[in-house]
Amino acid sequence: MKNRIKEIRKKNGDTLKDLAKKINYDYSNLSKIERGIYTPSLNILKKISTIYNIDIQYLIELDEKCEDELNEKEFILDINLNSQELLKKYNLILDGKLATEDEIELVVQIIRKLRETLEKKKNG
(Lines of atoms letter the chains of each structure in order from A and count residues from 1; the text may use other names and numbers.)
(Lines give C-alpha, C1' and ligand atoms only; values in the text may rest on other atoms or scores of the structure.)
Protein backbone atom coordinates (compact mmCIF):
# COMPACT_ATOMS: atom_id res chain seq x y z
CA MET A 1 0.00 0.00 0.00
CA LYS A 2 2.81 2.40 0.88
CA ASN A 3 4.28 2.19 -2.62
CA ARG A 4 0.91 2.78 -4.23
CA ILE A 5 0.33 6.03 -2.37
CA LYS A 6 3.79 7.28 -3.29
CA GLU A 7 3.36 6.11 -6.90
CA ILE A 8 0.03 7.90 -7.32
CA ARG A 9 1.32 11.04 -5.60
CA LYS A 10 4.38 11.26 -7.83
CA LYS A 11 2.37 10.41 -10.95
CA ASN A 12 0.25 13.47 -10.20
CA GLY A 13 3.30 15.67 -9.65
CA ASP A 14 2.75 16.21 -5.94
CA THR A 15 5.34 16.32 -3.21
CA LEU A 16 4.63 14.84 0.21
CA LYS A 17 3.94 18.35 1.46
CA ASP A 18 1.51 18.99 -1.41
CA LEU A 19 -0.51 15.88 -0.67
CA ALA A 20 -0.41 16.45 3.09
CA LYS A 21 -1.86 19.93 2.56
CA LYS A 22 -4.55 18.65 0.16
CA ILE A 23 -5.78 16.04 2.63
CA ASN A 24 -5.21 18.25 5.69
CA TYR A 25 -2.80 15.76 7.25
CA ASP A 26 0.55 16.03 8.99
CA TYR A 27 3.44 15.86 6.51
CA SER A 28 5.67 13.74 8.76
CA ASN A 29 2.91 11.20 9.40
CA LEU A 30 2.20 10.96 5.68
CA SER A 31 5.89 10.30 5.15
CA LYS A 32 5.70 7.50 7.73
CA ILE A 33 2.73 6.00 5.88
CA GLU A 34 4.68 6.00 2.62
CA ARG A 35 7.63 4.34 4.34
CA GLY A 36 5.41 1.68 5.88
CA ILE A 37 5.91 2.84 9.46
CA TYR A 38 2.27 3.88 9.94
CA THR A 39 -0.86 2.26 8.57
CA PRO A 40 -3.22 4.85 7.08
CA SER A 41 -6.73 5.13 8.45
CA LEU A 42 -9.67 4.49 6.17
CA ASN A 43 -10.41 8.23 6.31
CA ILE A 44 -6.94 9.10 4.97
CA LEU A 45 -7.28 6.50 2.21
CA LYS A 46 -10.66 7.96 1.24
CA LYS A 47 -9.20 11.46 1.06
CA ILE A 48 -6.29 10.30 -1.11
CA SER A 49 -8.58 8.34 -3.43
CA THR A 50 -10.86 11.37 -3.77
CA ILE A 51 -8.00 13.80 -4.45
CA TYR A 52 -6.56 11.60 -7.18
CA ASN A 53 -9.89 10.26 -8.44
CA ILE A 54 -8.93 6.61 -7.97
CA ASP A 55 -10.71 3.63 -6.47
CA ILE A 56 -9.82 3.21 -2.80
CA GLN A 57 -9.51 -0.53 -3.48
CA TYR A 58 -6.40 0.19 -5.56
CA LEU A 59 -4.72 1.71 -2.50
CA ILE A 60 -5.73 -1.20 -0.27
CA GLU A 61 -4.83 -4.14 -2.52
CA LEU A 62 -1.47 -5.74 -2.01
CA ASP A 63 1.02 -5.79 -4.82
CA GLU A 64 2.26 -9.17 -6.09
CA LYS A 65 5.56 -8.96 -4.22
CA CYS A 66 3.79 -8.39 -0.91
CA GLU A 67 1.34 -11.19 -1.60
CA ASP A 68 4.19 -13.60 -2.28
CA GLU A 69 5.89 -12.64 0.96
CA LEU A 70 2.82 -13.12 3.12
CA ASN A 71 2.32 -16.58 4.47
CA GLU A 72 -0.85 -18.36 5.34
CA LYS A 73 -0.35 -18.03 9.10
CA GLU A 74 -0.83 -14.28 8.97
CA PHE A 75 -4.41 -14.77 7.83
CA ILE A 76 -5.45 -17.20 10.52
CA LEU A 77 -7.58 -15.30 12.99
CA ASP A 78 -8.07 -16.48 16.53
CA ILE A 79 -11.77 -17.26 16.40
CA ASN A 80 -11.94 -17.04 20.19
CA LEU A 81 -11.67 -13.27 19.93
CA ASN A 82 -14.98 -11.51 20.15
CA SER A 83 -16.02 -8.97 17.54
CA GLN A 84 -14.86 -5.99 19.62
CA GLU A 85 -11.41 -7.55 20.07
CA LEU A 86 -11.23 -8.26 16.33
CA LEU A 87 -12.06 -4.63 15.57
CA LYS A 88 -9.33 -3.42 17.92
CA LYS A 89 -6.70 -5.89 16.69
CA TYR A 90 -7.37 -5.81 12.94
CA ASN A 91 -8.48 -3.25 10.37
CA LEU A 92 -10.92 -5.47 8.52
CA ILE A 93 -11.85 -3.82 5.24
CA LEU A 94 -14.45 -5.13 2.81
CA ASP A 95 -15.25 -3.36 -0.45
CA GLY A 96 -13.26 -0.33 0.66
CA LYS A 97 -15.21 0.08 3.90
CA LEU A 98 -14.16 -0.74 7.43
CA ALA A 99 -16.16 -3.74 8.68
CA THR A 100 -18.61 -3.03 11.49
CA GLU A 101 -18.84 -5.00 14.71
CA ASP A 102 -22.14 -6.53 13.50
CA GLU A 103 -20.55 -7.66 10.22
CA ILE A 104 -17.61 -9.22 12.03
CA GLU A 105 -19.91 -11.00 14.48
CA LEU A 106 -21.92 -12.39 11.55
CA VAL A 107 -18.75 -13.68 9.86
CA VAL A 108 -17.65 -15.34 13.11
CA GLN A 109 -21.07 -17.00 13.45
CA ILE A 110 -20.92 -18.23 9.84
CA ILE A 111 -17.45 -19.71 10.35
CA ARG A 112 -18.57 -21.46 13.53
CA LYS A 113 -21.62 -22.90 11.76
CA LEU A 114 -19.47 -24.10 8.85
CA ARG A 115 -17.06 -25.78 11.26
CA GLU A 116 -19.94 -27.47 13.03
CA THR A 117 -21.36 -28.72 9.73
CA LEU A 118 -17.96 -29.98 8.55
CA GLU A 119 -17.39 -31.79 11.85
CA LYS A 120 -20.79 -33.50 11.56
CA LYS A 121 -19.96 -34.63 8.00
CA LYS A 122 -16.52 -35.79 9.05
CA ASN A 123 -17.83 -37.81 12.00
CA GLY A 124 -20.57 -39.40 9.93
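Each residue of the sequence shown is one higher than the last, beginning at 2 in the numbering used here.
We treat Cβ as the ideally placed atom computed from N, Cα and C, and that holds for glycine.
In the three-state scheme derived from DSSP, where H, G and I count as helix and E and B as strand, Leu93 is classed as coil. Burial check for Glu35: the Cβ neighbour count within 10 Å reaches 16 or more, so the residue is buried. Comparing C-alpha distances from Asn13 to each of Pro41, Ser32, Ile55, Asn44 shows the shortest one belongs to Ile55.
Counting C-beta atoms within 10 angstroms of its own C-beta, Arg116 has fewer than 16 neighbours from the protein chains shown and is therefore classed as exposed. Per DSSP, Ser29 is one residue of the alpha helix (DSSP H) stretching across 28–35. Beta-carbon to beta-carbon, Ile61 and Gly97 are separated by about 7 Å, close enough to satisfy the 8 Å threshold.
Residue burial is scored here from C-beta neighbours: Ser29 has fewer than 16 other C-beta atoms within 10 angstroms and is therefore classed as exposed. Taking C-beta separations shorter than 6 Å and ignoring five residues to either side along the sequence, the partners of Arg5 in its chain run Leu60, following chain order. Under the criterion of beta carbons closer than 8 Å, Ile52 and Ile24 qualify as touching, at roughly 6 Å.
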